Each structure stands twice: as C-alpha cells, then as structure tokens.
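Residue 100 is where the sequence shown starts when you use the numbering used here, and the numbers rise one by one after that.
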Amino acid sequence: MSPTTIAIAGFTGKMARLITTALLSTHPDIQIHGIARSPEKVPASIKNNKNVTIFSASATDAAALRNALRGASVCICCYLGDDALMVAGQKLLIDACIAERVPRYIASDWSIDFRPLAFGEHPTKDAMKHVQAYLEEREQEGKIKGVHVLNGAFMEVIWAAFTGFVDVGKDTFFAWGTGNEGIEVTTMADAAAYTARVAVDGGANGFFNFLGDKKSVKELAKLYGDVYGMTPTVENKGTLDELDIAKKAAFEADPGNPYAWMGLFYQLVMLSGKTSLGPLDNERYSMIEPKNVDAFLKEHTKESVANSIFF
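Laid out in structure tokens, this is it:
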C-alpha cells in the first residue's frame, strides 16, 4: 500500500477541488484517485495532472468504488446530497474501504460540532450522526479509523440569503438574541487545506476542530461597513426562544424545502453555543494561516460576497 495515494469520492464538488489543489501544492509526489459519477465534469486542469487518476463510479457501485480505492491510504468523502447519498452512500463507501483495507476514512462533515445535537434537532445534521455511529461501530471491530473535520460554518455561506444572517442587497443584518453571540466560521479553502494536512498525517484520527474566525452579528456588520465604506442596518429579530419558535414554524410549513428553514436551525444551534467547537487543533498544522472575516471581505466586492460560495 502506498502511503502517498489518497482517494477522493465526490470528485466534481467544490470541496474535492479545493482539497485536491491543496494536496498537489504541498505534496508534489502525492497520487490522487478521483472518484466521480460524471468524470467529464472534472476540470481539465485537474484531470490532466499527472498525479491524478480519474475513476468513474456511482455511489451505489461497490465494485467500481473498490477498484478506485485500491491502494489508497485514506479516503476523503466529499459527497453532498440527500440522505440516501449522505447516509447509505457513505456506508457503502466505508464498506468498500474496509474491503480494500483502506485504513482511514474522512467523513463528509466540514461542519459545526453536531455531536451534542439530538436527532431531529437540526435535520440536515442527522446524516452526519448516522455516519459517525457507523464508523464507530466499524472502528470497534478494528476495521477502519474514522476522521471528522469540524470548522464551524463556512465563511462563504453566512453571506448567502438562506442563512438569514444578512441581506446583502439591503445592507441589513439580522440579530437573534443580543447580537453579541459568537458565530464560528472558516473559509472553504482553509477547511480544505486543513483536511489535506489531516489526510497525509497517518496518525490523525478522530475529531479535529479548525477555525478561521469567530464574530457576532454586530461585529460582522461593523466589519462589513468598514470594508465597504457604509453603515449597515442591524435589525433585532427577537430572543433565542423566539428563534426556536420561528424555526419550528418554518419547518412545519415546508419540511421538504430545507432552504426555507435550514438557516434558522443553523442560527439557533450556533448562537446558543450548543455546537461550538471545543479546543482548537490549528496549531497541529501551524503552517496554515486561516483567513479571518476582515481579510475575506477585502477579497470580495459588496456585490459579489453573497455569491462567494460559488466559483
């Protein structure tokens, strides 16, 4: 087994591209097995790299997955989709890793700390809890080591309208609670850079907490105004108890549309501190200097920041 071969499933997604870029820039001899349902969607700049081999495999094709995983020292899952993919798909991928004796599996998390949450408390995090439990069962059997990278919310995401923190078009921020509660955020590129370091660190198992910055809604508004040369409005929405009522009502009104309620669920579990990260592991990979909110905003125009999650 080559210690320099890394398999990445969900290879056409943004996180996969960022992780691949980080790996290739820091480890020029690394070999990457990119697993994609639609290989034609892989950018030519990555597909044509001599260190990258593309494997065509759907999330339900165990034989094709095993072929792609053969010889890898770790599998990074970058799936993003419905519960069928995020739970059943990851379980099948984990089983394929075990069959091919891949010793470590990095789950598709990059999230707030979902462990304190009860099932249903934040429905989009239930899949992560199921995968964590499955990995722990397999680990107790001595078959594989599970790895989870936590980074709070993505810095790019909090500017998107569905999260409910800000309406960039109206220069208005929305504060539940006091407006002083901290929001933990990390850029996608920094989360990917940390993941790349974890992937090549054979002793890195279990949960890791990485963080770029922590700011309240009021602090975000102040930075936004300073960077873009204006004074945004901060609108108080109510108490955290009222936020709890609002998120339940939004879910009950349209349970099949996560974008109608997901932002409120995120706000409650983050602003309450329930999903805050524990002691940070940034210093384990001190060569990475994560970006703070001020630097992030200065890289974007006011018009583009709301769409910074895309590229």
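A virtual CB, placed ideally from N, CA and C, is assigned to each residue, including glycine.
A quick note: this is a predicted structure, and the numbers were derived from the prediction, not measured.
- Please report the Cβ distance between Gly109 and Tyr178, rounded to the nearest whole angstrom; I am assuming they are in contact, meaning their Cβ atoms lie under 8 Å. Contact flag correct, Cβ pair sits at about 4 Å.
- Does the beta carbon of Gly302 fall short of 8 Å from some heavy atom of the ligand ATP? This structure simply doesn't include the ligand ATP, nor any ligand for that matter.
- Query: Exposed or buried, Glu351, counting other C-beta atoms within 10 Å across all chains shown (16 or more means buried)?
  - Reply: Glu351 counts as exposed, since fewer than 16 other beta carbons sit within 10 angstroms of its beta carbon.
- Task: Look up Cys176 in the DSSP assignment and say whether it is helix, strand or coil.
- Result: It is a strand residue.
- Message: Tell me whether the region 228 to 241 and the region 373 to 390 touch, counting them as touching only if at least three CB pairs, one residue from each stretch, are closer than 8 Å.
- Response: The region 228 to 241 vs the region 373 to 390: no contact.
- Does the region 322 to 331 come within contact of the region 269 to 278, defined as at least 3 CB pairs closer than 8 Å? They touch, by the three-pair rule.
- Task: Tell whether a beta-carbon distance below 9 Å holds between Ile193 and Arg237.
- Result: Result yes, Cβ atoms of Ile193 and Arg237 sit closer than 9 Å.
- Task: Note down the Cα distance separating Leu191 from Ala161, rounded to an integer number of angstroms.
- Result: Linking Leu191 to Ala161 through their CA atoms gives a straight-line distance of about 7 Å.
- Task: Could you check what DSSP says for Ser315 in three-state terms: helix, strand or coil?
- Result: Residue state, collapsed to three classes: coil.
- Item | Secondary structure, alpha helix (DSSP H): runs of 4+ residues fully inside the region 182 to 231 | The region 182 to 231 contains these whole alpha helix (DSSP H) runs: 189 to 198.
- Endpoints, alpha helix (DSSP H) assigned at Lys244: Careful: Lys244 lies outside any alpha helix (DSSP H), inside the beta strand (DSSP E) at Lys244 to Leu249.
- Message: Give the list of continuous beta strand (DSSP E) stretches no shorter than 3 residues that lie fully inside the region 357 to 405.
- Response: If we require 3 residues or more, the region 357 to 405 turns out to have no beta strand (DSSP E) run fully inside it.
- Task: Per DSSP, which residues does Phe253 bridge with? Please list them.
- Result: Paired residues: Thr285.
- Query: If you run the structure through DSSP and keep just helix, strand and coil, what is Pro102?
  - Reply: With a pLDDT of only 44 at Pro102, under the threshold of 50, the placement of this residue in the model should not be trusted; the figure read from the coordinates follows. Residue state, collapsed to three classes: coil.
- Task: Evaluate Arg200 with the Cβ neighbour count: other Cβ atoms within 10 Å of its Cβ, from every protein chain shown; 16 or more gives buried, anything less gives exposed.
- Result: Counting every other CB atom within 10 Å of its CB across the protein chains shown gives Arg200 a total below 16, marking it as exposed.
- Message: Short of 6 Å in beta carbon distance, which residues of its chain neighbour Ala115, apart from the five on each side in sequence? Order them along the chain.
- Response: Excluding five sequence positions before and after Ala115, the CB atoms of its chain that fall closer than 6 Å to its own CB belong to Ile107, Gly109 and Cys177, given in chain order.
- Use the C-beta contact count for Gly328: other C-beta atoms within 10 angstroms, 16 or more gives buried, fewer gives exposed. By the neighbour-count rule (16 or more Cβ atoms within 10 Å), Gly328 is not buried but exposed.
- Query: Can you check whether the CB of Ala288 is closer than 9 Å to the CB of Lys390?
  - Reply: Result yes, Cβ atoms of Lys390 and Ala288 sit closer than 9 Å.
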